[in-house]
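K.L.:
UniProt numbering puts the sequence shown at residues 1 to 319. The structure is given below, and queries will be raised subsequently.
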Amino acid sequence: MSACFGFGMVAGPVLGGLMGGFSPHAPFFAAAALNGLNFLTGCFLLPESHKGERRPLRREALNPLASFRWARGMTVVAALMAVFFIMQLVGQVPAALWVIFGEDRFHWDATTIGISLAAFGILHSLAQAMITGPVAARLGERRALMLGMIADGTGYILLAFATRGWMAFPIMVLLASGGIGMPALQAMLSRQVDEERQGQLQGSLAALTSLTSIVGPLLFTAIYAASTANSVERVGMVWALPTCSACQLRRGLWAAQGNEPIADRGNDRPMPCGSRRLPASYTRPRSAVGTLAQPDTPDHEQDADDLKRTQRLIQEQPS
Numbered sequence: 001m002s003a004c005f006g007f008g009m010v011a012g013p014v015l016g017g018l019m020g021g022f023s024p025h026a027p028f029f030a031a032a033a034l035n036g037l038n039f040l041t042g043c044f045l046l047p048e049s050h051k052g053e054r055r056p057l058r059r060e061a062l063n064p065l066a067s068f069r070w071a072r073g074m075t076v077v078a079a080l081m082a083v084f085f086i087m088q089l090v091g092q093v094p095a096a097l098w099v100i101f102g103e104d105r106f107h108w109d110a111t112t113i114g115i116s117l118a119a120f121g122i123l124h125s126l127a128q129a130m131i132t133g134p135v136a137a138r139l140g141e142r143r144a145l146m147l148g149m150i151a152d153g154t155g156y157i158l159l160a161f162a163t164r165g166w167m168a169f170p171i172m173v174l175l176a177s178g179g180i181g182m183p184a185l186q187a188m189l190s191r192q193v194d195e196e197r198q199g200q201l202q203g204s205l206a207a208l209t210s211l212t213s214i215v216g217p218l219l220f221t222a223i224y225a226a227s228t229a230n231s232v233e234r235v236g237m238v239w240a241l242p243t244c245s246a247c248q249l250r251r252g253l254w255a256a257q258g259n260e261p262i263a264d265r266g267n268d269r270p271m272p273c274g275s276r277r278l279p280a281s282y283t284r285p286r287s288a289v290g291t292l293a294q295p296d297t298p299d300h301e302q303d304a305d306d307l308k309r310t311q312r313l314i315q316e317q318p319s
């Protein structure tokens with residue numbers, strides 16, 4: 001998915017520039033047509049992920065904050081979603097400031113800025129297509145996530161002190177390599193919930209991404225303006241902020257460290273590790289101790305019916 005994003009980042013400016021040569025309205029019509037094609041694809045080609053009965057639309061579901069309520073009490077999921085939010089917020093720094101920073105620090109013109117964006121898109125796509133999978137398979141998702149954050153932080157620090165335009169291009173290699181962290185994080189999150197909660201999870205992640213796209217540009221452009229008001233020499237200091245934010249990610253990663261899915265510990269049946277723990281009054285069969293981590297059906301709603309069903313599942317385990 002991230003590789004597709006990188007290819008789109010390269011193709012979008014190129015197609016927009018070509019169509020803009022014919023008419024200033026052409027890029028917008030083309031974008032609308034592609035969006036309509038996506039809509040039709042979703043309507044007719046994408047399979048339904050929710051295999052159970054359709055649930056009626058409830059009034060509470062219209063609350064924009066309700067998309068996060070399902071994760072309440074799921075410690076690992078909540079912690080990893082906090083990590084996701086911070087990483088997406090950090091990603092808004094180059095999205096909001098790359099053009100302004102290039103003009104102020106390196107005196108880039110529009111052509112050079114376009115070339116730099118295309119170059120980053122190519123590097124990002126190559127990193128996603130060729131590096132992410134092998135790194136995650138060899139090091140594990142958690143270490144791949146940490147490696148991505150280290151690469152990102154190092155790239156931001158170096159960019160803060162770059163004084164020549166050519167320096168930005170080798171730094172892009174680090175920034176593109178940092179993109180391996182987000183797919184690893186999303187994979188970790190997806191394995192914490194069962195199939196029926198995947199839609200809610202992805203909806204919550206999309207909501208967090210939208211929130212950062214609102215808050216991030218306002219926050220970082222304000223910081224950029226304040227840091228450069230009296231001295232142009234401090235124009236790059238805003239790039240150091242994302243590295244400082246990495247310290248806030250440790251809690252989420254530590255929370256996930258001791259709660260990895262059963263599949264990662266040699267069991268052939270993965271179970272969601274983000275579910276609430278069973279009450280202390282529940283007694284597991286002796287033969288299941290050490291092999292049964294949680295019931296097949298996660299206790300998401302924590303109502304009486306779910307608790308009874310959970311207890312029945314445990315009692316049915318072979319002794």
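Beta carbons are placed, not taken as given, at the ideal position from N, Cα and C, and that holds for glycine. The structure displayed is predicted, hence computed values, not measured ones.
Taking just the CA atoms, how far does residue 197 sit from residue 20?
P.N.:
Looking at the two C-alpha atoms, the distance is approximately 43 Å.
K.L.:
For residue 119, which residues of its own chain have a beta-carbon under 8 Å away from its beta-carbon, when the five flanking residues on both sides are left out?
P.N.:
Taken in chain order, the residues that qualify are 169 and 172.
K.L.:
Just the C-alpha distance for residue 144 and residue 134, rounded to the nearest angstrom, thanks.
P.N.:
Distance between the alpha carbons of residue 144 and residue 134: 10 Å.
K.L.:
In whole angstroms, what separates the C-alpha of residue 154 from that of residue 223?
P.N.:
Distance between the alpha carbons of residue 154 and residue 223 is about 20 Å.
K.L.:
I think residue 88 touches residue 221, with their Cβ atoms under 8 Å apart; what is that distance to the nearest whole Å?
P.N.:
Their Cβ separation, rounded to whole angstroms, is 17 Å, which puts residue 88 and residue 221 out of contact at 8 Å.
K.L.:
Could you tell me the distance, in whole angstroms, from the CA atom of residue 187 to the CA atom of residue 22?
P.N.:
Cα to Cα, residue 187 sits roughly 43 Å from residue 22.
K.L.:
Quick one: any contact between the stretch 77–92 and the stretch 100–108, if contact means 3 or more CB pairs under 8 Å?
P.N.:
Touching, no.
K.L.:
Among 82, 74, 111 and 149, which one has its Cα closest to the Cα of residue 178?
P.N.:
The shortest C-alpha separation from residue 178 is found at 149.
K.L.:
In chain order, what residues of the same chain lie with their CB nearer than 7 Å to the CB of residue 123, ignoring the 5 residues before and after it?
P.N.:
Closer than 7 Å at Cβ, skipping near neighbours: 172, 173 and 176.
K.L.:
To which residues of the same chain is residue 96 closer than 7 Å at the C-beta, ignoring the five residues directly before and after it?
P.N.:
Counting only Cβ-Cβ distances below 7 Å, and skipping sequence neighbours, we find 216, 217, 220 and 221.
K.L.:
Using a 10 Å radius around the Cβ and a threshold of 16 neighbouring Cβ atoms, would you call residue 42 buried or exposed?
P.N.:
It counts as exposed.
K.L.:
Taking the continuous alpha helix (DSSP H) assigned at residue 104, which residues delimit it?
P.N.:
Per DSSP, residue 104 belongs to the alpha helix (DSSP H) from 75–106.
K.L.:
Using only alpha-carbon positions, find the residue among 191, 94, 156 and 112 that is nearest to residue 142.
P.N.:
Comparing Cα positions, the closest option is 191.
K.L.:
Taking buried to mean at least 16 other C-beta atoms within 10 Å of its own C-beta, is residue 36 buried or exposed?
P.N.:
Burial call: exposed.
K.L.:
Whole angstroms is fine: what's the gap from residue 106's alpha carbon to residue 115's?
P.N.:
If you take the alpha carbons of residue 106 and residue 115, they lie about 14 Å apart.
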